[in-house]
Amino acid sequence: MKKKKLEKKKRSDVRVRDWEKHHEFSFTHDLVKHRRALAKLPETTADEKPLPVNFTPNGIVIAHSKKWAFVLLGDEERLCLIDERLQAKGSTLLAPGDEVLVEFEEGDALVRGIAPRRTRLSRPAGPHGNPPEKVFAANIDLLIVVASVAQPRFREGLLDRFLIAAVVGGVQPLLCINKADLGDIPSESMQRYRDLGIHVIQTSCVSGEGIQELRRALSGKRSVVCGHSGVGKSSMLNALDPNLEVLTNEVSDATEKGRHTTSAARLYRASGDLWIIDTPGIRALGLWGVSPEELAFYFPEIAEAAAACRFNDCIHIHEPGCMVREALEAGRITQARFDSYLRIRASLESADNLTPGRLGIRR
Ligand SMILES: Nc1nc2c(ncn2[C@@H]2O[C@H](COP(=O)(O)OP(=O)(O)OP(=O)(O)O)[C@@H](O)[C@H]2O)c(=O)[nH]1
Ligand SMILES: [Mg+2]
Ligand SMILES: [Zn+2]
Numbered sequence: 073m074k075k076k077k078l079e080k081k082k083r084s085d086v087r088v089r090d091w092e093k094h095h096e097f098s099f100t101h102d103l104v105k106h107r108r109a110l111a112k113l114p115e116t117t118a119d120e121k122p123l124p125v126n127f128t129p130n131g132i133v134i135a136h137s138k139k140w141a142f143v144l145l146g147d148e149e150r151l152c153l154i155d156e157r158l159q160a161k162g163s164t165l166l167a168p169g170d171e172v173l174v175e176f177e178e179g180d181a182l183v184r185g186i187a188p189r190r191t192r193l194s195r196p197a198g199p200h201g202n203p204p205e206k207v208f209a210a211n212i213d214l215l216i217v218v219a220s221v222a223q224p225r226f227r228e229g230l231l232d233r234f235l236i237a238a239v240v241g242g243v244q245p246l247l248c249i250n251k252a253d254l255g256d257i258p259s260e261s262m263q264r265y266r267d268l269g270i271h272v273i274q275t276s277c278v279s280g281e282g283i284q285e286l287r288r289a290l291s292g293k294r295s296v297v298c299g300h301s302g303v304g305k306s307s308m309l310n311a312l313d314p315n316l317e318v319l320t321n322e323v324s325d326a327t328e329k330g331r332h333t334t335s336a337a338r339l340y341r342a343s344g345d346l347w348i349i350d351t352p353g354i355r356a357l358g359l360w361g362v363s364p365e366e367l368a369f370y371f372p373e374i375a376e377a378a379a380a381c382r383f384n385d386c387i388h389i390h391e392p393g394c395m396v397r398e399a400l401e402a403g404r405i406t407q408a409r410f411d412s413y414l415r416i417r418a419s420l421e422s423a424d425n426l427t428p429g430r431l432g433i434r435r
């Protein structure tokens with residue numbers, strides 16, 4: 073009985089939210105394939121040759137743990153050790169999509185340099201995270217935020233957070249409403265995002281609806297798929313290119329939630345010049361590099377109205393002469409987006425930056 077309890081505790085300890093903390097652990101799936109290769113790698117990089125400063129990257133990171141990474145060198149996928157000095161630099165931990173310099177030493181491949189990132193998607197690494205910023209995808213053009221019509225039920229909470237992370241990191245967002253074969257979502261929900269200039273595609277990995285449109289949008293670009301567990305992110309990669317054979321799993325019958333099948337982010341190269349990073353489903357997304365005061369600027373319709381508020385430091389909650397609340401009453405700002413603004417603001421003010429936060433005001 074006691075043993076059972078322990079096992080249970082251990083399993084529940086692996087939270088998807090803690091990607092970084094459990095990376096080594098969650099990576100065992102991929103490791104099985106490469107265990108033999110890994111055994112041949114040296115424990116540390118004894119060589120003290122200085123790290124190169126100006127270099128031309130020769131590889132792209134597919135997936136990584138703290139100490140090693142799968143890197144695409146030309147057409148070859150290679151397991152490389154990461155030079156310990158790069159880890160010591162803190163802010164330069166690897167992310168899938170990173171462009172790196174790999175050098176060879178006595179047959180061993182070593183990651184010796186990380187090129188500056190063109191774009192990034194980040195989140196806070198958590199209270200004990202070092203470095204405090206966790207980059208989970210690098211050098212990408214498109215963030216595909218995936219939600220599902222049902223199983224799991226459609227939830228919008230994460231969407232606005234991903235849209236903000238995209239703006240912060242210089243990435244263009246695209247919204248994918250998957251499992252369209254199971255029904256529809258309210259058209260206002262989709263229109264709300266289309267009105268913000270976001271490309272919204274309804275897809276189904278079962279009927280194939282929208283897959284061609286998605287393929288066109290992704291072609292020639294580097295993208296990353298993100299969203300709750302079970303919405304069909306990995307299935308979408310398979311729909312785009314069946315040769316990928318990405319692992320997927322049914323959602324739980326009882327809770328209609330996903331089973332957190334994908335355990336670590338990984339870059340896939342698919343036919344038609346598609347480069348896509350698949351990521352594990354998450355329950356929540358903390359925002360990196362956004363202060364409560366500047367949050368309104370990431371909601372374009374709120375920022376526009378806010379320019380006319382009576383007080384410069386108006387936070388649009390209860391100040392007199394607030395044009396945001398006026399725009400809300402007039403319907404120019406939707407209640408859903410305003411509620412989302414309030415919730416995210418409350419969470420940015422909370423200690424862990426994650427607690428969705430109850431609406432801080434009574435209306
Ligand atoms: N009906 C229907 N089912 C789908 C669709 N797309 C995916 N599924 C199913 O949804 C379940 C979850 O799919 P996954 O691709 O594993 O979901 P995921 O988002 O990668 O989940 P995590 O890896 O846990 O984050 C699988 O049983 C899929 O077959 C779809 O368009 N329609
Ligand atoms: Mg998956
Ligand atoms: Zn205001």
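Residue numbers for the sequence shown follow the numbering used here, so the first one is 73 and each next one is one higher.
Where a beta carbon is used, it is the ideal one built from N, C-alpha and C, also for glycine.
As the structure is a prediction and not an experimental result, all values here were calculated from the model.
Put E149 into one of helix, strand or coil per three-state DSSP.
strand
Only counting the same chain, and skipping five residues up and downstream in sequence, which positions put a Cβ closer than 6 Å to that of E175?
The beta carbon of E175 sits closer than 6 Å to the beta carbons of L182, R184 from its chain, once the five residues preceding and following it are set aside; these are given in chain order.
Going by DSSP, which residues form a beta bridge with E178?
According to DSSP, which records beta bridges pairwise, E178 is partnered with nothing at all.
List the endpoints of the continuous alpha helix (DSSP H) containing I416.
407 to 421
Between S306 and ligand 2, is there a pair consisting of the residue's CB and a ligand heavy atom that are separated by less than 7 Å?
Answer for S306: yes, Cβ within range of ligand 2.
I270 - partner residues in DSSP beta bridges
BP columns for I270 are empty, so no partner.
If we define contact as Cβ-Cβ less than 8 Å, is P224 a contact residue for chain C?
In the structure shown, chain C cannot be found, because there is only a single protein chain.
Does the Cβ of P352 lie closer than 7 Å to at least one heavy atom of ligand 1?
yes
Out of T406, E156, D411, state which residue places its alpha-carbon closest to the alpha-carbon of Q263.
For the options T406, E156, D411, the alpha carbon positioned closest to that of Q263 is the one of T406.
Please give me, in chain order, every unbroken run of the alpha helix (DSSP H) with length at least 4 that falls completely inside the stretch 322 to 408.
372 to 378, 395 to 401
Which residues bound the alpha helix (DSSP H) around N250?
Counting along the chain, N250 falls outside any alpha helix (DSSP H), though it belongs to the beta strand (DSSP E) covering 244 to 250.
Counting beta carbon pairs with one atom in the stretch 207 to 222 and one in the stretch 298 to 312, are three or more of them shorter than 8 Å?
yes
What I want to know is whether the C-beta of T334 ends up closer than 7 Å to one or more non-hydrogen atoms of ligand 2.
Flag set: Cβ of T334 near ligand 2.
Whether or not the stretch 236 to 243 and the stretch 354 to 369 are in contact is what I'm after, with contact meaning three or more pairs of Cβ atoms, one per stretch, closer than 8 Å; do they touch?
yes
Given 7 Å as the limit, tell me if M395 has its C-beta closer than that to any heavy atom belonging to ligand 3.
yes
T406: CB within 7 Å of a non-hydrogen atom of ligand 2
no
With P129 and E171 assumed to form a contact (beta carbons below 8 Å), what rounded beta-carbon distance in angstroms separates them?
Right, their Cβ atoms sit about 4 Å apart.
For ligand 2, I want to know if A320 counts as a neighbour, meaning its beta carbon is within less than 7 Å of at least one of the ligand's heavy atoms.
Contrary to the premise, residue 320 reads as Thr rather than Ala in this sequence. Answer for T320: yes, Cβ within range of ligand 2.
Quick check: the Cα distance between G403 and V396, rounded to an integer number of angstroms?
10 Å
Would you say the beta carbon of H388 is closer than 7 Å to some non-hydrogen atom of ligand 3?
yes
DSSP puts I186 in a beta bridge; with which residues?
V172
Using a threshold of 8 Å, state whether the C-beta atoms of S291 and K251 are closer than that.
Not in contact: S291 and K251 (Cβ atoms no closer than 8 Å).
Any chance the stretch 380 to 394 sits against the stretch 326 to 339, with 3 or more Cβ pairs inside 8 Å?
no
Taking I257 and L309 to be in contact with their CB atoms under 8 Å, please state how far apart those CB atoms are, rounded to whole angstroms.
Contact flag wrong, Cβ pair sits at about 22 Å.
Suppose contacts are defined by Cβ-Cβ distances below 8 Å. Is L231 in contact with H271 by that definition?
no
Quick one: measure Cβ to Cβ for L214 and R287, integer angstroms, because I've assumed they're closer than 8 Å.
Actually they do not touch by this definition, with Cβ atoms about 12 Å apart.
Tell me, which residues are paired with H136 by DSSP?
Beta-bridge annotation (DSSP): H136 is paired with A141.
Between the C-alpha atoms of K293 and A342, what's the straight-line distance to the nearest angstrom?
11 Å
Nearest-angstrom Cα separation, counted from N315 out to Q274
23 Å
If we ignore side chains and look at the alpha-carbon of each, how far apart do A399 and C152 end up?
54 Å
Can you list, in chain order, the residues of its chain with a C-beta nearer than 7 Å to that of R417? Leave out the 5 residues immediately preceding and following it.
P364, L367
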